[in-house]
DNA sequence: CTGAAAGCGCTTACAG
DNA sequence: CTGAAAGCGCTTACAG
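Chains as they are written, first to last, in our numbering: chain A, 388 to 731; chain B, 388 to 731.
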C-alpha cells in the first residue's frame, strides 16, 4: 500500500529500556516486577526501578513472557450459548477471577467455525491457553480426547462418569428450598417438572426434590414428576402431563426457567390461574423471570460464584488433582408473584 | 510440592523437530506453513514437510510467533452485558470472523475487576491484543484516551461525535419496515416508544420512524413519540404517556424489546388487549420475544453480521482509515401475535 | 534457489 | 549479593 504514511514508531518501552534508565541490570528489573524473593536489593533501588516503570509507562510484553515461561497466562471457557443468561453469570465470575489472578479469559461457544472441541485442542496445541473450563454440552466421549493430553481442564456445573474434576452448585439444596417454600405456603401435592433424565443437573434437582418432599412428610409418586428437555416447548408438554394427574397437584417445582416459560403458557391456555390454581417456582433466577406473567418465583443460585471458583481451582491445582467441589455460597428463594397458598 | 510425580515431558513438537525429520531447514518449514510466495521448493519437498507436520502433530507456538512478528493474533471485544441477547449475537459473529482469520477473540464486559477501559489499555500495553471492538457504553471522553495511542479500534453499533471508525446497522431501514408493517395492517395513528435521546441507536430509529411515517403520508406529531431508557420500567412509563394522548394511537413501534416488555405490562394493567386495542412491534428479534404474552412481533436485524463485519474490518484496515459502514445484510419483520389490524 | 544466523523481549540458573 | 548470558520458538532479511 504505497503512499500510506509510515506509522510513527510506537516507542514500545522494553525491560531493557527500564534497566538502562534506572541504572540497573535487566534481571533486577525483572525480579522487582515479579517480586522474586531471592532478590535482595536496597529499598531505594527497588523504588527507583518502580518509579522508572511508572514514568516510562512500561508494560511487560506478554508474548515474550509466555515464550520464556511456557505459560500463556490465559484460560479458555467453553459454553454452549452466549444468549443463555445462566452462562452470562458464569462468564462474569470466571472473568473476574481470571483478571484478579493476572490471566486473560477467552470465552467461546460451540457456534465457532471450527467444531467446538477441535478449536480448543488447537488453542492448546498452540499454547494459547493454560487450561480449559467446560460449561458446555460436550459428551464424555469428546472429553475423553482431552484426558490423553495432560491438560488442565475442569467441568463446570456438571459431572460426567469417570471424571474427578468438576465444580457444581448445590442443586439438591436449591431444590430443597423450592419445595420448602411451597410446603410452607401450605401445599401438600407438589409436582416436579424435571429436566432431561440424562442431564446431571436435572438428576440432582430431582434428588433434591425427592429428599425435601420426604423430609416434609409429603408423598411424591412417580406421576408427580414429568421430564422435559429444558426448553419452553418441552415444559409446555410436561405441564400438560402433570395437569392430567389426579388428584391434581397444587404446585410445581420446575427445573429451569425456560421450561417454566412453557409451563406458564400451558396453564394460561388451560384457563388456570397462577398462583390461584397452581403455584410455580423454578430454578435459577434471571431478569426474564421478573418479566413473565405472572412474575416467576425462583431459586437464586450462586452462578457467578460457580464461575469464579471454577477458574480459581483451574488456576491453582494440578491437572492430576481430584476436584469435586460444591460451591458453598448461599442459595435463596426469590419470591415473586407465581407462588401463593393453595386455594382451599 | 514434594512427592508430586514429575509430569512426563509433554513432547511438544517444535518447528525444529519438523525440519529435522523432514530433512529441510527450519526456514523452509516456516515458509511452507506461512505460504511464503518467495519460497520455491519442489512440490515433493513441500508435501514431505506437510506430511511431517501432520504426522508429528506439530502446532506453531503462538507466543513465539507473536514475539517475532509483534502481533498477538488476538482481538478484544468489549460489551456492557453478557446477559443481553443482542450482544450474544454480536459476539457470535465476531467470534466466527476471528476464527476464520486465524485470530482469537477475548470478550470482556464492564463487570471485570479492573475498570473496563483500563483493563483494555493494559491488554494493549502488554501486546495481548491487536485491536479492540467497542460495543459497550464507553463515553466519548473515555475513548479519547485510545485515540492518542495509535491502536486499531472500532465502534460497533454506535457512532460518537468526531469518530470516523464505526460499523452500524441500518436502523432507519429496520424502523421503516416496522412502520410499513403497521401501516399495511391499516394503522394510521402509529406512535413511537423511543430510546434515550442521547443514544445514537435511538436517534436513528426515531429518524427511521419519522421518515417512514412521512413516506406513508401519516402524521406524527411530537406527542406520538415518548422517550424511555431501553428498560422495562422505562417502557412501562412511556407507554402510560402514550395512552394518555388523544386521539389514542392504535399501534406503537417500540425501540427495543426490553422497553416492549414494560409496554406490554402497562397495556395489560390498563385492561387493553394486544393487538385488539393496540398493536406492538419492537426492534431486535430474540427468543424472549416469542415467549411474551402475547408473542411479540419484532424486526430482525443482522446482529451476527454486525459482529462479523466489524471484526473483519478491524482486522483488515489500518488504524487511520475511515470506516463508516452500514451492515448490508437484510432486515425483516418477524410476525408474531402482537400486531394485527386496528379495531374499527 | 536455499540455509545460516540474528533477534523479538523476556526469565532464571549460574558464575563471580 | 549482583549481573552476564543463555535460551524459549519462531520469522525473515540477507549471504552464498
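By construction, the Cβ of each residue, glycine as well, lies at the ideal position given by its N, Cα and C atoms.
Taking a 10 Å sphere around the C-beta of residue 637 of chain B, we find 16 or more other C-beta atoms and assign the residue as buried.
Residue 428 of chain A and residue 422 of chain A have their C-alpha atoms roughly 11 angstroms apart. Contacts with chain B at 9 angstroms (Cβ-Cβ) include residue 450 of chain A. Nearest CB-CB separation between residue 616 of chain A and chain B: not below the 9 angstroms threshold.
Along the segment 656 to 683 of chain A, going in chain order, the ones with a CB nearer than 9 angstroms to a CB of chain B are 673, 674, 675, 677, 678, 679 and 680. Around the beta carbon of residue 558 of chain B, 16 or more other beta carbons sit within 10 angstroms, so the residue counts as buried. Using a Cβ-Cβ cut-off of 8 angstroms, residue 568 of chain A is close to nothing in chain B; its nearest Cβ partner there is about 24 angstroms away. In terms of Cα proximity to residue 584 of chain A, the closest of A:621, A:634 and A:570 is A:621.
For the options A:554, A:596, A:678 and A:458, the alpha carbon positioned closest to that of residue 715 of chain A is the one of A:554. According to the DSSP assignment, residue 547 of chain A belongs to no beta strand (DSSP E), since it is labelled neither H nor E.
Interface annotation for the segment 429 to 458 of chain A against chain B: 446, 447, 448, 449, 450, 451, 453 and 454, criterion Cβ-Cβ distance under 7 angstroms. Using a Cβ distance threshold of 9 angstroms, residue 671 of chain A and residue 644 of chain A count as a contacting pair. Taken in chain order, the unbroken stretches of alpha helix (DSSP H) that lie wholly in the segment 583 to 671 of chain A and span 4 residues or more are 587 to 602, 619 to 631 and 644 to 656. Here residue 709 of chain A is exposed: its Cβ has fewer than 16 other Cβ atoms, across all protein chains shown, within 10 Å. Spanning the alpha carbons of residue 505 of chain A and residue 592 of chain B requires a straight line of approximately 41 angstroms. Only residues of its own chain outside the window of five on either side were considered, and among them 541, 554, 710 and 712 have a CB closer than 8 angstroms to the CB of residue 700 of chain B, listed in chain order.
Along the segment 621 to 653 of chain A, the positions whose C-beta sits under 7 angstroms from a C-beta of chain B are 648, read in chain order.
Shown in chain order are the members of the segment 502 to 525 of chain B whose Cβ falls below 8 angstroms from a Cβ of chain A: 506, 509, 510, 512, 513, 514 and 515. Counting along the chain, the unbroken beta strand (DSSP E) around residue 580 of chain A starts and ends at 577 to 581.
For residue 518 of chain B, the enclosing beta strand (DSSP E) stretches over residues 518 to 521. For residue 697 of chain A, no chain B residue has a C-beta closer than 7 angstroms to its own C-beta; the minimum C-beta separation is roughly 16 angstroms. At a cut-off of 9 angstroms, the C-beta of residue 719 of chain A has no neighbouring C-beta in chain B.
When DSSP states are grouped into helix, strand and coil, residue 495 of chain B belongs to the strand group. Spatial neighbours of residue 613 of chain B in its own chain (CB-CB distance under 6 angstroms, excluding positions within 5 residues in sequence) are listed in chain order as 580, 625, 628 and 629. Annotation for residue 568 of chain B: 668, 720 and 726 place their beta carbon closer than 7 angstroms to its own, counting only its chain and skipping 5 residues before and after. By the CB criterion at 9 angstroms, residue 479 of chain B and residue 521 of chain A fall outside the cutoff.
With a threshold of 9 angstroms between beta carbons, residue 472 of chain B makes contact with chain A. Take residue 485 of chain B, set aside five residues on each side of it, and the residues of its chain with a beta-carbon closer than 7 angstroms to its own are 462, 491, 492 and 698, in chain order. Per DSSP, residue 563 of chain B lies in no beta strand (DSSP E); the unbroken alpha helix (DSSP H) holding it starts and ends at 558 to 571.
In the DSSP assignment, the residues bridged to residue 687 of chain A are A:719. Taking a 10 Å sphere around the C-beta of residue 430 of chain B, we find fewer than 16 other C-beta atoms and assign the residue as exposed. Here DSSP, grouped into helix, strand and coil, assigns residue 480 of chain B to helix.
Three or more Cβ pairs closer than 8 angstroms define a contact, and the segment 404 to 423 of chain B falls short of that threshold against the segment 683 to 693 of chain A. Here DSSP, grouped into helix, strand and coil, assigns residue 730 of chain B to coil. The contact set of residue 478 of chain B on chain A, defined by CB atoms closer than 7 angstroms, consists of 469 in chain order. Contact note: residue 496 of chain B reaches chain A through 475, 478, 479 and 482, using a C-beta cutoff of 9 angstroms and chain order.
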